[in-house]
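First comes the structure, then the notes that go with it.
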Amino acid sequence: MIQLSPHLTPEKWLFQLFSSKAACDGGVIRRQARDVERLVGRQRFEAELARRGFHAVENAGQIVIFCNQQPVRVIR
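The working numbering numbers the first residue of the sequence shown as 71 and each following residue consecutively.
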């Protein structure tokens, strides 16, 4: 289980997530769906994706975030 600082707010968590090197480089990042739901909530997370123009997919309890505005194509 992740131990969070008592000062880690949803805003700070989102800031840390989207200011990571991979995110800033337009790459791909992955987080556990349960952590996203617990730390910021799905609705807020999806709103932040939409605000940034990013896409994400979910599979087997993982959320894969594409930190760019390019189209995503599921191959199979």
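Just so you know, even glycine gets a beta-carbon here, dropped at the ideal spot from N, CA and C.
All values reported here derive from a predicted model rather than from experimental measurement.
Asked	Found
Check this for me: beta carbons of Phe-136 and Phe-124, under 8 Å apart or not?	yes
Return the chain-ordered ranges of every alpha helix (DSSP H) run that is complete within the region 77–133 and spans a minimum of 4 residues.	80–88, 91–94, 103–109, 112–122
Can you give me the C-alpha to C-alpha distance between Gln-102 and Arg-121, rounded to a whole angstrom?	21 Å
Say whether chain D places a C-beta atom closer than 8 Å to the C-beta of Lys-82.	Among the protein chains of the structure shown there is no chain D, as only one such chain exists.
Could you check if Leu-78 is buried or exposed, using at least 16 other CB atoms within 10 Å of its CB as the buried criterion?	exposed
Using the rule of at least 16 other Cβ atoms within 10 Å of the residue's Cβ for burial, across every protein chain shown, is Ile-145 buried or exposed?	exposed
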